[in-house]
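Counting from 2, one number per residue, gives the positions in the sequence shown under my numbering. Every residue gets a Cβ at the ideal spot worked out from N, C-alpha and C, and that includes glycine. Report on the structure given below.
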Amino acid sequence: MIVAIIADEVAFWLFIVAGLCTRYLLNWRVAGAILLACTPIIDLVLLALIVIDLRGGAQPHWSHGLAALYLGFSVSYGKRLVQWADRRFTAYRAGERPPAKPKLYGADKIRYEWRETGIFWLGIAVATLILVGCVWLAGGPERAGELFTWVGRILLAGIVSLVFPISYMIWPRRAPEEQRVHDA
Numbered sequence: 002m003i004v005a006i007i008a009d010e011v012a013f014w015l016f017i018v019a020g021l022c023t024r025y026l027l028n029w030r031v032a033g034a035i036l037l038a039c040t041p042i043i044d045l046v047l048l049a050l051i052v053i054d055l056r057g058g059a060q061p062h063w064s065h066g067l068a069a070l071y072l073g074f075s076v077s078y079g080k081r082l083v084q085w086a087d088r089r090f091t092a093y094r095a096g097e098r099p100p101a102k103p104k105l106y107g108a109d110k111i112r113y114e115w116r117e118t119g120i121f122w123l124g125i126a127v128a129t130l131i132l133v134g135c136v137w138l139a140g141g142p143e144r145a146g147e148l149f150t151w152v153g154r155i156l157l158a159g160i161v162s163l164v165f166p167i168s169y170m171i172w173p174r175r176a177p178e179e180q181r182v183h184d185a
């Protein structure tokens, strides 16, 4: 299963690079878009491998939990990764620097942190659903003890992720000019 996860990640990035090169270097926009659209299919292959493995009688293993975690976050962050790579590739081709992330302060920073946490929790939800499916495929909770430890780990990570938006609500980041006025 570990080899399948690594192969999935490598294939994901290969399809992104191939899609961007096809789109921008060869100017084949449609072919590039098709290659980029194939990235979710790669994740479906990994999901199918998990199902085949567990339905075939394999003992649930920590690697099944890792695959579920990988798939959950691939679903929640995959599109953003493709867009990030596209922006960087476009800037590189134009001979420019990649666009800088704007510095956010106050309510904008709080909204940004909650949005990021929401995306993280989407990954948690998808991974947890896949883990529940793995438990079912494995034949029930009595055979899937290893998978339950992953649910706890994922939820702990989710709880920790709440620290950032909550801390910015309590101690909002002020713009530098606002900070000088406030300190005076």
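Of the listed residues Leu26, Tyr106, Leu36, nearest to Gly15 (C-alpha basis): Here residue 15 refers to the residue found at position 14 of the sequence shown. According to the sequence displayed, residue 15 carries Leu and not Gly. Measuring from the Cα of Leu15, the nearest candidate turns out to be Leu36.
Out of Ala95, Thr129, Ile167, Glu147, which one is the CA nearest neighbour of Arg116? Along the sequence shown, read from residue 1 onward, the residue named residue 116 stands at position 115. The candidate whose alpha carbon is nearest that of Arg116 is Ile167.
Leaving out five residues on either side along the sequence, give the residues of the same chain with a beta carbon under 8 Å from the beta carbon of Tyr106. Numbered from 1 along the sequence shown, position 105 holds the residue referred to as residue 106. Pro173, Arg174, Arg175, Ala176, Glu179.
Please list the segments of the alpha helix (DSSP H) lying wholly inside the segment 51-119, counting only runs of 4 or more residues, in order along the chain. 63-94
Mapping the DSSP letters down to three states, classify Trp122 as helix, strand or coil. On the sequence shown, position 121 is the one that residue 122 refers to. Reduced to three states, the DSSP call for Trp122 is helix.
Contiguous alpha helix (DSSP H) assignments of at least 4 residues, all confined to the segment 154-180: 164-171
Which first and last residues belong to the alpha helix (DSSP H) in which Ala145 is found? Taking the sequence shown and counting its residues from 1, one reaches residue 145 at position 144. No alpha helix (DSSP H) contains Ala145, which DSSP labels as neither H nor E.
For a test of the three-state rule: what should DSSP assign to Cys39, helix, strand or coil? As a working note, residue 39 is residue 38 in the sequence shown. Reduced to three states, the DSSP call for Cys39 is coil.
Whole angstroms is fine: what's the gap from Trp122's alpha carbon to Tyr169's? Locating residue 122 in the sequence shown gives position 121, counting from the first residue. Locating residue 169 in the sequence shown gives position 168, counting from the first residue. One C-alpha to the other measures close to 18 Å.
Who are the near neighbours of Leu55 in its chain, counting only those whose CB is closer than 8 Å to its CB and skipping five residues on each side? Here residue 55 corresponds to residue number 54 of the sequence shown, with the count starting at 1. Hits under 8 Å: Pro61, His65, Cys135, Leu138, Ala139.
Closest by CA to Ile42, which one among Leu156, Ile17, Asp87? Residue mapping note: residue 42 aligns to position 41 of the sequence shown, counting from 1. The shortest Cα separation from Ile42 among Leu156, Ile17, Asp87 belongs to Ile17.
Hey, would you say Pro99 sits closer than 8 Å to Ala92, going by beta carbons? Numbered from 1 along the sequence shown, position 98 holds the residue referred to as residue 99. Numbered from 1 along the sequence shown, position 91 holds the residue referred to as residue 92. Yes. Within cutoff.
I need the straight-line Cα distance from Val11 to Arg24, nearest angstrom please. The residue given as residue 11 occupies position 10 in the sequence shown. The residue given as residue 24 occupies position 23 in the sequence shown. Near 20 Å, if we compare the C-alpha coordinates of Arg24 and Val11.
Taking all protein chains shown into account, do 16 or more other C-beta atoms lie within 10 angstroms of the C-beta of Lys80, making it buried, or fewer, making it exposed? Residue mapping note: residue 80 aligns to position 79 of the sequence shown, counting from 1. With fewer than 16 Cβ atoms within 10 Å of its Cβ, Lys80 is classed as exposed.
Among Ile125, Ile171, Cys39, the one whose alpha carbon lies nearest that of Gly159: In the sequence shown, the residue the question calls residue 159 occupies position 158. It is Ile125.
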